[in-house]
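Data first, discussion second: the structure below is written as structure tokens.
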Amino acid sequence: MTERHVSVENLVKTYPGAAKPSVDDVSFSLPRGEMLALLGPSGCGKTTILRMIAGLVEPSSGAIRLNGREVSGIPVHKRNMGMVFQAYALFPHMTVAENIAFGLEMRGIAKADRAAKVARALDLVKLTGLGDRRTTQLSGGQQQRCAIARSLVIEPELLLLDEPLSNLDAKLRDEMRDEIREIQGRTGVTAIFVTHDQDEALSMADRLAVMSAGRLEQIGTPRQIFDRPETEFVASFIGAGNFLNGRVTGAGEAAVDGFGTLRFVGDAAVGQDVRLMVRPHRLVMGGAANSFTGTVEHIVYRGQILTMTVRSGQTRLQADLHTHAGALPEKGQTVTLGVAPEDVTFIGRAA
Amino acid sequence: MKAIRNICLTLLYLFLLAPIIVVFIVSFDTRQYLAFPPESWSFGSYTKVFANEAFIAAFGRSVVIGLVVGLVAVAIGMLLSMALVRYKFRGRDTIGFLVLAPFLVPSIVLAVGLMLVLSPMGLLDSYAGIMLAHLGITVPYTVRTITMSLMAVDRRIEEAAMVHGASPFTVFRRITLPLVSPGLIAGGVIAFLISFDEATISLFIVSIRTSTLPTEIYRYLEYSTDPQIAALSVVLILISVAVVVLVERLIGLRKAI
Chain A
0 MTERHVSVEN LVKTYPGAAK PSVDDVSFSL PRGEMLALLG PSGCGKTTIL
50 RMIAGLVEPS SGAIRLNGRE VSGIPVHKRN MGMVFQAYAL FPHMTVAENI
100 AFGLEMRGIA KADRAAKVAR ALDLVKLTGL GDRRTTQLSG GQQQRCAIAR
150 SLVIEPELLL LDEPLSNLDA KLRDEMRDEI REIQGRTGVT AIFVTHDQDE
200 ALSMADRLAV MSAGRLEQIG TPRQIFDRPE TEFVASFIGA GNFLNGRVTG
250 AGEAAVDGFG TLRFVGDAAV GQDVRLMVRP HRLVMGGAAN SFTGTVEHIV
300 YRGQILTMTV RSGQTRLQAD LHTHAGALPE KGQTVTLGVA PEDVTFIGRA
350 A
Chain B
0 MKAIRNICLT LLYLFLLAPI IVVFIVSFDT RQYLAFPPES WSFGSYTKVF
50 ANEAFIAAFG RSVVIGLVVG LVAVAIGMLL SMALVRYKFR GRDTIGFLVL
100 APFLVPSIVL AVGLMLVLSP MGLLDSYAGI MLAHLGITVP YTVRTITMSL
150 MAVDRRIEEA AMVHGASPFT VFRRITLPLV SPGLIAGGVI AFLISFDEAT
200 ISLFIVSIRT STLPTEIYRY LEYSTDPQIA ALSVVLILIS VAVVVLVERL
250 IGLRKAI
């Protein structure tokens, strides 16, 4: 897994006339067969990175390597990549089979071989028997499958997916999410996909690269990103969080209003002002290693969970608790919340 | 209310079509001058038209000129549209305006101008001259129809072709060209029809050798006014209608314009 199949090094893109670069010094690499999600709010440069890798946008500086080889001199059509576009971008004047065969035809593959590969690709994406349809006769999900087949049939070095699920309705999205993941696993293709949806990124990708304003904030596995966010942006973009300021009083201990002493995991020097984060759903009723006692200020019963805001002095904590049929806290009541030290995330020095 | 509306519409169409209806009726008259209504009926004028060698020869020239002009106008229109829609360059707006300028200039002014330009080049009464003149007035139309088609083409579709292995020229041939074909066909047909029945400019540029059908009709009218002209007009109208209906059936002309 140490082999670098794809690597991006110090990639920068500044569009003419723009004051700030759209992509600012981004580096990452993928081993063969990995699925990486580029995650970030719209305008963070994630799509630009994808387009630079495909060769549709020229980088201002930096390098993109495939198998160690710099690709900037290679024109788009010779990079041997597959790309699934947001609106699919199927060829409207061709049938499903012709769409899928297009890349094979461009590679000069004989007609008979083409037909066999197209049939296999149709099976792979469960469009068997629909090869003669016009693409306009397909449903959104089927168009999506057709676009995936068109990209995979050429056995690309790299599969690029640009917001592949954003045009589908919610139910279909869950279905296609699992399916894309499954197809990627089965074919073993190295893949990069762009999304602004954290659920999609967390559930589909082997690793996530979180971006903000053109910069790479953090790259890691879904668990690393969710449980050990390194920046406040990552912590707040992915999931909800209670952010707390404190001063370090000892090894893994900080003085935080409301908690008294809050134990956390992370290295910080004594006396340093730090920023800590607790996820609302990691708080539990009753004291633990860390306990916080306060008044319930606001409460919403949402069936599966109970969302409440508990206040002590100037500090407010939001807690998402699992409900049960027994007695639940009520507004105005004094409650004690607890959280395990490993669920307190050390984000960094306080600003 | 509906009845009144229908009557109004019928009257409107009658008013618009009246000249054509009159011509159609007169074309069957047997007298040797134009008058309405006819006293007796026959197909005699049609027989004479098809026996008139000057008309037949001019018709042939008009068809050839129209076809060449149509094809070349489409080719020029495609290249110009690609440049105007796809590339940002200095003077793009100026070129865009110049291309459409012939729309704004009266035909007679264009005719005099073209004559003055083509004369010193020795192109008066030549195929090259008349074709150049007709290109000048038809290219604006092909640019217009092709530009509209081209703007409707999603760039991502072309990018998808590129990423999956098509060279820029292949993308153009396999993706862009088929997708703008309605604009190409509509532009070509319009260019053909304009060239085919253009009279004002042609009168200034052609004489004997390359006279087109409209100029031949005009010349004929100077000497005689008999139902042959009406019969010929009916034939021309039928040809135009046939072309338009055919294209409408094939691609949907209304969609392309």
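Chains A and B are the protein sequences, given in the same order.
For what it's worth, numbering that gives the first Met the number 0 labels the leading residue of the first sequence as 0, then goes sequentially.
For what it's worth, numbering that gives the first Met the number 0 labels the leading residue of the second sequence as 0, then goes sequentially.
Think of the CB as a built atom: it goes at the ideal place given N, C-alpha and C, for glycine as much as any other residue.
Note that the coordinates shown come from a computational prediction; the quantities given were computed from them, not determined experimentally.
- DSSP places A/ILE298 in the strand class (E or B) of the three-state scheme.
- With fewer than 16 other beta carbons inside 10 angstroms of its own, A/HIS323 counts as exposed.
- When the five nearest sequence neighbours on each side are left out, the beta carbons in the same chain lying within less than 6 Å of the beta carbon of A/PRO58 are those of LEU10, LYS12, MET51, in order along the chain.
- Fully enclosed beta strand (DSSP E) runs of no fewer than 3 residues occupy 80-83 of the stretch 80-147 of chain A, in order along the chain.
- Bridge pairing for A/ARG149: absent [DSSP].
- The alpha-carbon separation between A/SER28 and A/ILE63 amounts to approximately 10 Å.
- The residue from A/ALA120, A/GLU33, A/LYS19 with its alpha-carbon nearest to that of A/ALA208 is A/GLU33.
- Per DSSP, reduced to three states, the secondary structure at A/THR220 is coil, with no helix or strand assignment.
- Residues ALA53, GLY54, LEU55 of the same chain have their beta carbon placed closer than 8 Å to that of A/VAL75, with the five preceding and five following residues left out of the count.
- B/GLU221 and B/GLU52 have their C-alpha atoms roughly 18 Å apart.
- ASP153, ARG155, ILE156, GLU158, ALA159, ALA160, MET161, VAL162, HIS163, GLY164, ALA165, SER166: these are the residues of the stretch 153-166 of chain B whose beta carbon lies less than 8 Å from some beta carbon of chain A, given in chain order.
- The beta carbon of A/VAL75 falls within 8 Å of a beta carbon belonging to chain B, placing the residue at that interface.
- In this chain, the beta strand (DSSP E) harbouring A/ARG206 covers 206-211.
- Taking 8 Å as the cut-off, the beta carbon of B/LEU109 is found no closer than this to the beta carbon of B/PRO119.
- Of all residues in the stretch 99-120 of chain A, the ones placed with a Cβ closer than 9 Å to any Cβ belonging to chain B are PHE101, GLY102, LEU103, GLU104, MET105, ARG106, in chain order.
- Cβ-Cβ separation between A/MET276 and A/ASN244: approximately 11 Å, too far for a contact (criterion under 8 Å).
- Following the DSSP letters along the chain, one finds B/ASP124 in no alpha helix (DSSP H), marked with neither H nor E.
- Not flagged as an interface residue toward chain A: B/PRO181, since no C-beta distance is shorter than 8 Å.
- With respect to A/ASN166, A/GLY139 sits close: the two C-beta atoms are nearer than 8 Å.
- When DSSP states are grouped into helix, strand and coil, A/HIS195 belongs to the coil group.
- Here DSSP, grouped into helix, strand and coil, assigns A/LYS12 to strand.
- Residue A/LEU305 holds the alpha-carbon nearest to the alpha-carbon of A/MET284 among A/LEU305, A/ALA268, A/THR134.
- By the Cβ neighbour-count rule, A/LYS125 is exposed, with fewer than 16 other Cβ atoms within 10 Å of its own.
- Contacts between B/PRO139 and chain A, judged by CB atoms closer than 7 Å, are missing: the closest CB pair is about 27 Å apart.
- Collapsing the DSSP output to three states places A/GLN317 in a strand.
- A/ARG144 is positioned such that its CB atom lies no closer than 8 Å to that of A/GLY102.
- Within its own chain, the residues whose Cβ lies closer than 6 Å to the Cβ of A/THR292, once the five positions on either side in sequence are excluded, are THR335, listed in chain order.
- Beta-bridge partners of A/GLY337 (DSSP): A/VAL283, A/SER290.
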